[in-house]
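Residue numbers (the working numbering): 26 to 547.
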């Protein structure tokens, strides 16, 4: 029996949709991860493989996910299991969709806590709570104390962080409760313009800093831009640079987790996805390359020099954003205002991404189980609130890092590879091509057909195998994990297995109930 086309909730406006999907893509990585990746992987030379992968992986996946989502939405599906079941008439198809639900849910759990740090630090900035700390080590100790990673003189446990986590959680699920047009779309129309305004204000301030200390002329904003953008072409021969660029494109566009599917499922069947998808990708790239590349690294070099900035960046994106940036804010006029804007910018970037992760799971519960939105939001909210406790209290033991690798890194590539094969090879490349172009304001150039069918899946397979061999196997074997952390890392793995198994079971139950309702046998 063929799937019946169903009427579903829709976006209030095309502009709201583009802002929402762009908000899904624009996250903390645009402003923290990208500049670190660029600076440490050949500077301007990094942008060559970066834009190549943007063309052969990023944009094709963006269009494919819009196409899969809109097509699935016509049949009443807002999540990957139902969409894959429509595309591939096979008993196992729907179970591949569990990967998308798993990835979104796991990332949502730990992202809720990370996102809350930005809200907390916006408060700590405006109240000058960290002002007076004189060096990077002191600021890093302040951060680790806030996160609960170590006992410090600055915080008595994670009480403050926990309060902001609860506030962040409540805001996320209130928005999800309000629905697509009244919740997510309204958030995007407020948060996205504010994000860009805040970012532009900070970029202007960075550019006008010049050389903060004339006695050290090499420490300047121009040196900072040179550090991140001057090309070192000798590094192009290193395959790790190309894989780093591929990975960054993956993370920045939020492909490979099913969130774009969910958003696109609320489109009308003839709504354009060609220009909308391209606009979303372009908006994200502007935020990342132009704005993200003009803040953290240049301002850090201007105040601390290239050597110190390099050392800070090696500590990771969070050390750069939450330790070096506050040191800068201490030293400039109205630093508390700029600090507040910086961290609020990051909060807006985070929340527009996290609600997208939640929406896919809510759509799954609504569409496949017939739950009301209220019940679906409460069910997911209760589960996330319980699970995030593990992240908050076991952060220092590597619990979050383990989740981030398997869901936030490797899982993305596995899911993207699966959806590409299902859409372009099993559903059929020509049918997929027609679906993506249907209702388009323009037509996708034909050469992308061959990129989507051959190049994109091949690149995803190569990246997946590279990460499996070079990263996944050492991580799987727990190499480098401190003995006292082993039980927590295993706990993280067991927790993720339970989550994935739960989604497989829920999918089985949902389709079993459908067969019973329809009087069908599988």
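Even glycine gets a Cβ: it sits at the ideal position worked out from N, Cα and C.
*asked:* If you measure between the beta carbons of residue 465 and residue 297, is that distance less than 7 Å?
replied: In contact: residue 465 and residue 297 (Cβ atoms closer than 7 Å).
*For residue 323, which residues of its own chain have a beta-carbon under 6 Å away from its beta-carbon, when the five flanking residues on both sides are left out?*
The residues are 231, 246, 249, 250.
*residue 379: buried (16+ other C-beta within 10 angstroms of its C-beta) or exposed?*
buried
*So is residue 286 buried or exposed if we call it buried at 16+ other beta carbons inside 10 Å?*
buried
_Euclidean distance between Cα positions of residue 275 and residue 315_ = 18 Å
_Cβ shell of residue 347 (< 6 Å), same chain only, five flanking positions each side left out_ = 168
*Between residue 253 and residue 318, is the Cβ-Cβ spacing less than 7 Å?*
yes
*asked:* The alpha helix (DSSP H) that contains residue 292, what's its start and end?
replied: Per DSSP, residue 292 belongs to no alpha helix (DSSP H) and is neither H nor E.
*Tell me which same chain residues have a C-beta within less than 6 Å of the C-beta of residue 308, skipping the five on either side of it?*
47
_Burial state of residue 184, where buried means 16 or more other Cβ atoms lie within 10 Å_ = exposed
*Looking only at its own chain, which residues have a Cβ that is under 7 Å from the Cβ of residue 35, when we skip the five neighbours before and after it?*
291, 293
_Here's a check: name, in chain order, each residue in its chain whose Cβ is nearer than 7 Å to the Cβ of residue 338, leaving out the five neighbours to either side._
61, 64, 65, 345
*What did DSSP end up calling residue 134 once you bin it into helix, strand or coil?*
helix
_For residue 499, the three-state DSSP class (helix, strand or coil)_ = helix
*If we count the other Cβ atoms within 10 Å of its Cβ and call it buried at 16 or more, is residue 484 buried or exposed?*
buried
*residue 164 and residue 351 closer than 7 Å at C-beta*: yes
*asked:* Just verifying my parser: in three-state terms, what is the DSSP assignment at residue 172?
replied: For residue 172, the secondary structure class from DSSP, reduced to helix, strand or coil, is helix.
*asked:* Let me check understanding here. Comparing Cα to Cα, which of 471, 481, 429 lies closest to residue 445?
replied: 481
*How would you label residue 356, buried or exposed, when you count the other beta carbons within 10 angstroms and need 16 or more for buried?*
Around the beta carbon of residue 356, a 10 Å sphere encloses fewer than 16 other beta carbons of the protein chains shown; the residue is thus reported as exposed.
*Return the Cβ separation of residue 301 and residue 39 in integer angstroms, given the expectation that the two are a contact with Cβ distance under 8 Å.*
Correct: roughly 7 Å between the Cβ atoms.
_Cα-Cα separation, residue 267 to residue 75_ = 8 Å
_Given residue 451 as reference, the closest of 115, 435, 539 once Cα atoms are compared_ = 115
_Own chain, CB closer than 7 Å to residue 204, minus 5 neighbours either side, in chain order_ = 34, 398
*Pull up the CB-CB distance for residue 239 and residue 328, whole angstroms please, since I reckon it's below 8 Å.*
Not confirmed; about 13 Å, so no contact.
*Please check the pair residue 513 and residue 422, which I expect to be a contact at CB under 8 Å, by giving their CB distance rounded to whole angstroms.*
4 Å
*Nearest CA to the CA of residue 449: which residue from 535, 516, 473?*
473
*Could you check how far apart the C-beta atoms of residue 375 and residue 52 are, in whole angstroms? I think they sit under 8 Å.*
6 Å
*asked:* At the level of alpha carbons, what is the spacing between residue 370 and residue 171?
replied: 20 Å
*Secondary structure at residue 55, three-state DSSP: helix, strand or coil?*
helix
*Classify residue 510 as buried or exposed, calling it buried when 16 or more other Cβ atoms lie within 10 Å of its own Cβ.*
Buried is the label assigned to residue 510, since at least 16 other Cβ atoms lie within 10 Å of its Cβ.
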